[in-house]
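> Dropping a structure here in structure tokens format, bear with me for questions.
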Amino acid sequence: MKELLIIIVGSALVNNVVLSQFLGLCPFLGVSRKIKTAAGMGAAVIFVITISSAITSLLYNYVLVKLDLEYLQTIVFIIVIAALVQFVEMVLKKNSPALYNSLGVYLPLITTNCAVLGVALLNVTKGYSLISGVANGFGTACGFTVAIVILAGIRERIEHNDIPESFKGTPIVLVTAGLMAIAFIGFSGII
Amino acid sequence: MNRCVERLHNGLIKENPTFVLMLGMCPTLAVTSSAFNGLGMGLTTTLVLVMSNTLISLLRNVIPDRVRMPAFIVIVASFVTIVQLLLQGYIPSLYDTLGIYIPLIVVNCIILGRAEAYASKNPVIPSAFDGIGMGLGFTMGLTLIGIFRELIGSGMVFGLKIMPDVYEPFAIFVMAPGAFFVLAMLTAVQNKLKLKGASNVPAAADNGFGCGGNCASCLDGVCAANHEIIKKAAEERKEAAKAAAAAKADAAKAAALKDPDKKGDR
Chain Y
1 MKELLIIIVG SALVNNVVLS QFLGLCPFLG VSRKIKTAAG MGAAVIFVIT ISSAITSLLY
61 NYVLVKLDLE YLQTIVFIIV IAALVQFVEM VLKKNSPALY NSLGVYLPLI TTNCAVLGVA
121 LLNVTKGYSL ISGVANGFGT ACGFTVAIVI LAGIRERIEH NDIPESFKGT PIVLVTAGLM
181 AIAFIGFSGI I
Chain V
1001 MNRCVERLHN GLIKENPTFV LMLGMCPTLA VTSSAFNGLG MGLTTTLVLV MSNTLISLLR
1061 NVIPDRVRMP AFIVIVASFV TIVQLLLQGY IPSLYDTLGI YIPLIVVNCI ILGRAEAYAS
1121 KNPVIPSAFD GIGMGLGFTM GLTLIGIFRE LIGSGMVFGL KIMPDVYEPF AIFVMAPGAF
1181 FVLAMLTAVQ NKLKLKGASN VPAAADNGFG CGGNCASCLD GVCAANHEII KKAAEERKEA
1241 AKAAAAAKAD AAKAAALKDP DKKGDR
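Respectively, the protein sequence lines represent chains Y and V.
All residue numbers for the first sequence refer to the numbering used here, where the first residue is 1 and numbers rise by one.
All residue numbers for the second sequence refer to the numbering used here, where the first residue is 1001 and numbers rise by one.
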């Protein structure tokens, strides 16, 4: 239990997926204009990454390793993830319209989110078992959500501030992200 | 031949993937902590891009339109696996430093973007040159950012000491936050000089969607699929609203018809 907790805290805060590993930057910069949409995106990412890390670890540990096909991991993972996102979208649409309405619009955007593939590959490089893999996926996705919601909060504030003309738009967001990354370096001592 | 030169110019300067289109930002920020890493990542991506562009262009009349995206992804993933195994075998030091960013080339928007926007519609040789041009443009971007970060962050370029001993390096620039700051400066300079760049495209209507706010310049690549999905969702919603309105109107009509009937009955 303690190990799992360490994995979750480590992947959420210490090695934050966006701020120290630069995975999932596109949605981080693109969908962070309002706290509400950022939180929606974060929830969808937690949902998809947790499921996909479970399925990819299962496939890797019990199919690819058994058949000595580890070198096929990249191809297998990307196909499984793309199919999974479509599948999750269909299941949600059919069975849980309320959840679909709140997450649905973000699901197609997640297929191209490199954090999903990144987590699956990290689970393999770090040699995680199924349960630690799921914990790692969940922690990583929580880290993404924390980062994107904080960024959205700051962006809502700076919207009305007096920013130098040439820093308006993307540059100021990147500066904000850089300052957040400095703040997150502070977590590196806790594990 | 002219067309090939034009493709090279297009990739290196006119539509430079790093400075103008701002595609593939994840590797751009993640592996540019030194000039050598940037160069290695750029050349690896170039290799994959040239091979995938060539094969996709060869198969452009064979792949059915409806399954083109999955087909492209499988082709790209296969080439990435080949390149990954080659690197592991021949340049293990680079393989270790780039780590998971090598397999992540699969989801680099530049590759799928070029496949969708150029290679799937054009003959083989221009497509290959398009891959070379775009790849070298990407390599140039990564190497320049790498040189800049390494110079400020450790006073060296390609591992050679350049700055005098008095210079105190800003170590933050070779760490993660430095990557954000360098990119922020780059886009700010583009804004200042009013250069044509992805960051200068006026933001689209604030509908909560976007890929770094630069979908407009995504070259109909991966983002186009998103656009289609979003459009479809909007249409569905509109139709649903229309249906609801129609149902309401029907109900009102029925009620209106019923009322006189009732009166008549009475």
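Even glycine gets a Cβ: it sits at the ideal position worked out from N, Cα and C.
#1: By the 10 Å Cβ neighbour count, where 16 or more other Cβ atoms means buried, how is residue 1093(V) classified, buried or exposed?
#2: Would you please verify whether the beta carbon of residue 188(Y) is less than 7 Å from any beta carbon of chain C?
#3: Comparing the C-beta of residue 1051(V) with each C-beta of chain Y, is any distance below 7 Å?
#4: Name the chain Y residues that come within less than 7 Å of residue 1078(V), Cβ to Cβ?
#5: Going along chain V in order, which residues have a C-beta closer than 9 Å to the C-beta of residue 86(Y)?
#6: Can you check which of these residues, 1153(V), 1098(V), 1236(V), is closest to residue 1039(V) by C-alpha distance?
#7: If we ignore side chains and look at the alpha-carbon of each, how far apart do residue 156(Y) and residue 85(Y) end up?
#8: Kindly list the residues whose CB is nearer than 7 Å to the CB of residue 1047(V), restricted to its own chain and excluding five residues on each side of it in sequence; keep chain order.
#9: When you compare only the Cα positions, how much space is there between residue 192(Y) and residue 153(Y)?
#10: Mind listing the chain Y neighbours of residue 1192(V)? Cutoff is C-beta to C-beta under 7 Å, in chain order.
#11: Please report how far the alpha carbon of residue 1193(V) lies from the alpha carbon of residue 1013(V), in whole angstroms.
#12: Tell me the start and end of each unbroken alpha helix (DSSP H) in the stretch 15-93 of chain Y that is at least 4 residues and wholly inside, in chain order.
#13: List, in order along the chain, the chain Y residues whose C-beta lies closer than 8 Å to that of residue 1104(V)?
#14: For the stretch 1016-1031 of chain V, which residues have a beta carbon sitting closer than 7 Å to at least one beta carbon of chain Y?
#15: Please check if any C-beta of chain Y sits within less than 7 Å of the C-beta of residue 1210(V).
#16: Relative to the C-alpha of residue 81(Y), which residue among 61(Y), 11(Y), 53(Y), 71(Y) is closest?
#17: Secondary structure at residue 1048(V), three-state DSSP: helix, strand or coil?
#18: In chain V, which residues lie less than 9 Å from residue 96(Y) when you measure between Cβ atoms?
#19: Please go through the same chain and pick out, in chain order, the residues whose beta-carbon is closer than 8 Å to the beta-carbon of residue 1106(V), but skip the five residues on each side of it.
#20: The stretch 1083-1098 of chain V: which residues have C-beta closer than 9 Å to a C-beta of chain Y, in chain order?
#21: Please specify which runs of the alpha helix (DSSP H), each continuous and at least 4 residues long, are wholly inside the stretch 1076-1108 of chain V, giving them in chain order.
#22: Taking its Cβ as the centre, do 16 or more other Cβ atoms sit within 10 Å of residue 1064(V), making it buried, or is it exposed?
#23: Checking contacts by CB at 7 Å: is residue 1204(V) closer than that to chain Y?
#24: Counting only C-beta atoms, is residue 1063(V) closer than 7 Å to chain Y at any point?
#25: Please confirm whether residue 178(Y) has its beta-carbon closer than 7 Å to some beta-carbon of chain V.
#26: Can you pull out the residues from the stretch 147-166 of chain Y whose beta carbon lies closer than 7 Å to at least one beta carbon of chain V?
#27: In the DSSP assignment, find the unbroken alpha helix (DSSP H) run with residue 1191(V) in it and report its ends.
#28: From residue 1174(V) to residue 1034(V), what does the alpha carbon distance come to, in whole angstroms?
#29: Answer with yes or no whether the minimum CB distance from residue 1132(V) to chain Y is below 7 Å.
#30: At least one CB of chain V closer than 7 Å to the CB of residue 35(Y): is that the case?
#31: Considering only their Cβ atoms, is the gap separating residue 1137(V) from residue 1016(V) smaller than 7 Å?
#32: Give the interface partners of residue 1188(V) over in chain Y, defined as CB-CB distance under 7 Å, in chain order.
#33: For the stretch 168-183 of chain Y and the stretch 50-66 of chain Y, state whether three or more C-beta atom pairs, one from each stretch, are separated by less than 8 Å.
#34: To the nearest angstrom, how far is the alpha carbon of residue 1333(V) from that of residue 1042(V)?
#35: Would you tell me roughly how many angstroms separate the C-alpha atoms of residue 1143(V) and residue 1037(V), rounded to the nearest one?
#36: Could you check how far apart the C-beta atoms of residue 148(Y) and residue 40(Y) are, in whole angstroms? I think they sit under 8 Å.
Taking the geometry as given:
#1: Residue environment analysis places residue 1093(V) among the exposed positions, since fewer than 16 neighbouring C-beta atoms fall within 10 angstroms of its C-beta.
#2: The displayed structure is made up of protein chains Y and V, and chain C is not among them.
#3: Not an interface residue.
#4: Per Cβ cutoff of 7 Å: 75.
#5: Result: empty, since nearest Cβ-Cβ is about 10 Å, beyond 9 Å.
#6: Selection 1153(V), 1098(V), 1236(V) evaluated against residue 1039(V) yields 1098(V) as nearest (Cα-Cα).
#7: In this structure, the straight-line span from the alpha carbon of residue 156(Y) to that of residue 85(Y) is close to 30 Å.
#8: Only 1083 meet the Cβ criterion.
#9: This structure leaves residue 192(Y) out entirely; chain Y is present only between 1 and 191.
#10: 166, listed in chain order.
#11: So the two alpha carbons sit approximately 16 Å from each other.
#12: Unbroken alpha helix (DSSP H) stretches of 4 residues or longer found wholly inside the stretch 15-93 of chain Y: 25-30, 35-59, given in chain order.
#13: For residue 1104(V), the chain Y residues whose C-beta falls within less than 8 Å of its own C-beta are 23, 114, 117, 118, 121, listed in chain order.
#14: Those residues of the stretch 1016-1031 of chain V that come within reach of chain Y (Cβ to Cβ, closer than 7 Å) are 1025, 1026, 1029, 1030.
#15: Residue placement at residue 1210(V) cannot be trusted, given a pLDDT of 38 that sits under 50; what the coordinates show is reported in the next sentence. For residue 1210(V), at least one C-beta of chain Y is nearer than 7 Å to its own C-beta.
#16: The shortest C-alpha to C-alpha distance from residue 81(Y) to any of 61(Y), 11(Y), 53(Y), 71(Y) is the one to 53(Y).
#17: Helix at residue 1048(V).
#18: Near residue 96(Y) there are no residues of chain V at all, since even the closest Cβ is about 17 Å away, more than 9 Å.
#19: The residues are 1073, 1076, 1077, 1080.
#20: For the stretch 1083-1098 of chain V, which is checked against every Cβ of chain Y, the residues closer than 9 Å are 1084, 1085.
#21: 1092-1098, all fully within the stretch 1076-1108 of chain V.
#22: With a threshold of 16 other beta carbon atoms within 10 Å, residue 1064(V) falls short and is exposed.
#23: Low confidence applies here, because residue 1204(V) scores a pLDDT of 37, under 50, leaving its location unreliable and the question unanswered by this model.
#24: Closer than 7 Å: no.
#25: For residue 178(Y), the nearest beta carbon of chain V is closer than 7 Å to its own beta carbon.
#26: Residues passing the 7 Å Cβ filter: 166.
#27: Where residue 1191(V) is concerned, the enclosing alpha helix (DSSP H) stretches over 1176-1193.
#28: When rounded, the distance between both Cα atoms is 7 Å.
#29: No - not a single Cβ of chain Y is within 7 Å of the one on residue 1132(V).
#30: Residue 35(Y) does not count as touching chain V.
#31: Closer than 7 Å, so yes.
#32: Here the neighbours are 166, 167, 171.
#33: No, they do not touch.
#34: Absent from the structure is residue 1333(V), since the part of chain V shown begins at 1001 and ends at 1266.
#35: One alpha carbon belongs to residue 1143(V), the other to residue 1037(V), and they sit about 8 Å apart.
#36: Under the criterion of beta carbons closer than 8 Å, residue 148(Y) and residue 40(Y) do not qualify as touching, at roughly 10 Å.
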